[in-house]
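Colleague:
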Amino acid sequence: MTRAYYGRDADHAYFVGCSQGGHHALMEAQRFPDDYDGIVAGAPANYWIGLMTGELWSGLATTKDPAQDLPREKLPVLGAAVLEACDALDGLEDGLIDDPRACAFDPAVLRCDGADGADCLTAGQVAAARAIYAGPSRPSTGEQLFPGYALGSEYFEQPGGRGGWGAYWAGITEPGGSTADFMRYSVFKDPDYDVLEFDFDADWDLANNRPIGNDQTLGSALNAIDPDLSAFKANGGKLISYHGWADPLVTANLAVRYYESVIAEQGGIDQTTDFYRLFMAPGMAHCRGGPGPDRFDAVTALERWVEDGIPPDQIVASKMVDGDVTRSRPLCAFPQVARYTGSGSVDDAANFACVDAD
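Final position of the sequence shown in this note's numbering is 358; the numbers increase by one with none missing.
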């Protein structure tokens, strides 16, 4: 079509997607490395079996035991406590958590001293929050199967009051949505399967190894976690990935884990950043939204890298409210982070520099 319309082939081919689109973006880089010159993979749901299992784990954490029901009304309390513990660790109290991994928060600090109350968590609610942060593990060995949700993903304002966990894990009566359907129809092939019975030992193995024909399994077909991007790199491909630290659906910890697996496969970060860079967005939710700056142009950064050979060290993100920019901040090539230079507005990206984490 390009040749027919323009009279010549396209100069370059690009793939841009977020969430399931980010999943497909990494599938392209791993399985079809010659398809695209440049790829943007946003909030990639690339470990599909792990994601479905992690979502089920979180849903069960708040529903399987009635004592662990975590009402949506408690999320602002939990979110405020997390922010109080973690916000200032980067030297700036700005309502954003720069890197949740640097914060050692335990929801037990909110445990009610006596009866349940609006400003505290019961022992069961503490256990539910801990489970969501921890992620699923094998009961038999304690092995973590999939990373848990990052601190700061619990609560943020959103129309309808269901931002953060309120859209998925809190205030629900049973795990549902894509997770339940996936387990019933794809893994167990039983529309009446009760997800409350999921075994995080045997059924995890079943989910990954369920044969689907053509010598494939659900895991081999749906997971895009191969760290070997050497063919994509050899073809001259460039890959930009981004993820919001406050993502309450596809945990941001997954993006970090995959990026670090590629670094290990490539033999070092320098051998990776020459073709693949990750940008973590403090306070950004799933693809967009959340309290942090969430609008940025990764496509232009990719074009400059592919077409002009200029790799992106940072991408400036903005927060828009009613059409106006209220804050901007550089998103730094991971593992670097943005630090305030000490003068000027803390809402202006020009007053921040990308530096190595403390």
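For glycine and all other residues, C-beta sits at the position ideal for the given N, C-alpha and C.
Within this structure, are the beta carbons of Gly42 and Pro136 separated by less than 7 Å?
Modeller: No.
Colleague: Kindly identify the DSSP beta-bridge partner or partners of Ser230.
Modeller: Note: Ser230 sits in no beta bridge, so no partner.
Colleague: For the pair the stretch 3-14 and the stretch 182-202, tell me if three or more CB-CB distances fall below 8 Å.
Modeller: Judged by Cβ distances under 8 Å, the stretch 3-14 makes no contact with the stretch 182-202, as fewer than three pairs qualify.
Colleague: Are Ala29 and Leu229 close, meaning C-beta to C-beta below 7 Å?
Modeller: A contact, by the Cβ cut-off of 7 Å.
Colleague: Skipping 5 residues on each side, what residues in its chain have a beta carbon closer than 6 Å to that of Ala232?
Modeller: Correcting the residue type first, residue 232 is Phe in the shown sequence and not Ala. Closer than 6 Å at Cβ, skipping near neighbours: Ala29 and Pro33.
Colleague: By Cβ distance, which residues of its chain are closer than 6 Å to Gln125, with the 5 residues on each side in sequence left out?
Modeller: Excluding sequence neighbours, Gln125 sits near Leu70.
Colleague: Excluding the five sequence neighbours on either side, which residues of its own chain have a C-beta within less than 6 Å of the C-beta of Ala131, listed in chain order?
Modeller: The residues are Ala61.
Colleague: Do the CB positions of Leu56 and Ala81 come within less than 7 Å of each other?
Modeller: Cβ atoms of Leu56 and Ala81: not closer than 7 Å.
Colleague: Nearest-angstrom Cα distance between Ser19 and Ala281?
Modeller: About 15 Å.
Colleague: DSSP puts Gln158 in a beta bridge; with which residues?
Modeller: The partner list for Gln158 (beta bridge, DSSP) is empty, contrary to what the question assumes.
Colleague: Ignore the nearest five residues each way along the sequence and tell me which others in Val316's own chain have a CB closer than 7 Å to its CB.
Modeller: These residues qualify, in order along the chain: Phe296, Ser328, Pro330 and Ala349.
Colleague: Please name the residue in Gly164, Trp169, Gly59 and Asp116 whose C-alpha comes closest to that of Glu197.
Modeller: Out of Gly164, Trp169, Gly59 and Asp116, Gly59 has the C-alpha closest to the C-alpha of Glu197.
Colleague: For Ser241, which beta-bridge partners are listed by DSSP?
Modeller: Ser241 pairs with Ala41 and Leu278.
Colleague: Can you list, in chain order, the residues of its chain with a C-beta nearer than 6 Å to that of Ala134? Leave out the 5 residues immediately preceding and following it.
Modeller: So the list reads Gly148, once near-sequence residues are dropped.
Colleague: What separation, rounded to the nearest whole angstrom, lies between the Cα atoms of Asp347 and Thr326?
Modeller: Going by the C-alpha atoms only, they are around 7 Å apart.
Colleague: Considering only their Cβ atoms, is the gap separating Pro291 from Gly369 smaller than 7 Å?
Modeller: The question about residue 369 has no answer here: the residues shown for the chain are numbered 1 through 358.
Colleague: Using the beta-carbon count (16 or more within 10 Å), is Glu73 buried or exposed?
Modeller: When all chains shown are included, Glu73 counts as exposed.
Colleague: CB-CB under 8 Å to Ile172, same chain, minus the five flanking residues each way: which ones, in chain order?
Modeller: Once the five neighbours on either side are set aside, the close Cβ partners of Ile172 are Gly59, Thr62 and Thr63.
Colleague: To the nearest angstrom, how far is it from the Cα of Val195 to the Cα of Asp65?
Modeller: Near 14 Å, if we compare the C-alpha coordinates of Asp65 and Val195.
Colleague: Would you tell me roughly how many angstroms separate the C-alpha atoms of Ile269 and Tyr259, rounded to the nearest one?
Modeller: Using only the alpha carbons, I get a separation of about 10 Å.
Colleague: Return the chain-ordered list of same chain residues with a C-beta closer than 8 Å to the C-beta of Pro191, the five sequence neighbours on each side being excluded.
Modeller: Cβ neighbours of Pro191 beyond the five flanking positions: Arg184 and Tyr185.
Colleague: With burial defined as no fewer than 16 other Cβ atoms inside 10 Å of the residue's Cβ, what is the status of Lys189: buried or exposed?
Modeller: So Lys189 ends up on the exposed side.
Colleague: What are the start and end residues of each continuous beta strand (DSSP E) run of 3 or more residues lying completely inside the stretch 194-222, in chain order?
Modeller: List check, beta strand (DSSP E) in window: 211-213.
Colleague: Check whether the stretch 246-266 and the stretch 205-220 touch, using three or more Cβ-Cβ pairs below 8 Å as the test.
Modeller: With a cut-off of 8 Å, the stretch 205-220 and the stretch 246-266 do not count as touching, because too few Cβ pairs lie within range.
Colleague: Name the two residues that bound the continuous alpha helix (DSSP H) containing Cys86.
Modeller: Leu75 to Cys86 is the extent of the alpha helix (DSSP H) around Cys86.
Colleague: Using alpha carbons as the reference points, say which of Gly267, Lys319 and Trp245 lies closest to Asp99.
Modeller: Per the Cα distances, Trp245.
Colleague: DSSP three-state label for Pro330, please.
Modeller: Three-state DSSP puts Pro330 in a strand.
Colleague: Any idea if Asp90 is buried or exposed, counting beta-carbon neighbours within 10 angstroms, 16 or more meaning buried?
Modeller: Answer is buried; the Cβ neighbour count reaches 16.
Colleague: Between Val256 and Asp274, what straight-line distance do the alpha-carbon atoms span, to the nearest angstrom?
Modeller: Going from the Cα of Val256 to the Cα of Asp274 covers about 17 Å.
Colleague: Skipping 5 residues on each side, what residues in its chain have a beta carbon closer than 7 Å to that of Tyr193?
Modeller: Met183 and Arg184, listed in sequence order.
Colleague: What separation, rounded to the nearest whole angstrom, lies between the Cα atoms of Gln216 and Leu145?
Modeller: Between Gln216 and Leu145, the C-alpha separation is close to 21 Å.
Colleague: If you follow the beta strand (DSSP E) that Met320 is in, where does it begin and where does it stop?
Modeller: Here the beta strand (DSSP E) through Met320 covers Gln314 to Val321.
Colleague: Whose C-alpha, out of Asp356, Met284 and Cys112, is nearest the C-alpha of Glu157?
Modeller: Per the Cα distances, Met284.
Colleague: Express the C-alpha separation of Glu303 and Lys319 in angstroms, rounding to a whole number.
Modeller: Each residue's Cα considered, the two are about 23 Å apart.
Colleague: Pull up the CB-CB distance for Phe15 and Ile39, whole angstroms please, since I reckon it's below 8 Å.
Modeller: Going by Cβ atoms, the distance from Phe15 to Ile39 rounds to 5 Å, so yes, they are a contact pair.
Colleague: Kindly indicate which three-state DSSP category Gly111 falls into: helix, strand or coil?
Modeller: The question names Gly, but residue 111 in the sequence shown is Arg. In the structure shown, Arg111 sits in a strand (DSSP, three-state: E or B).
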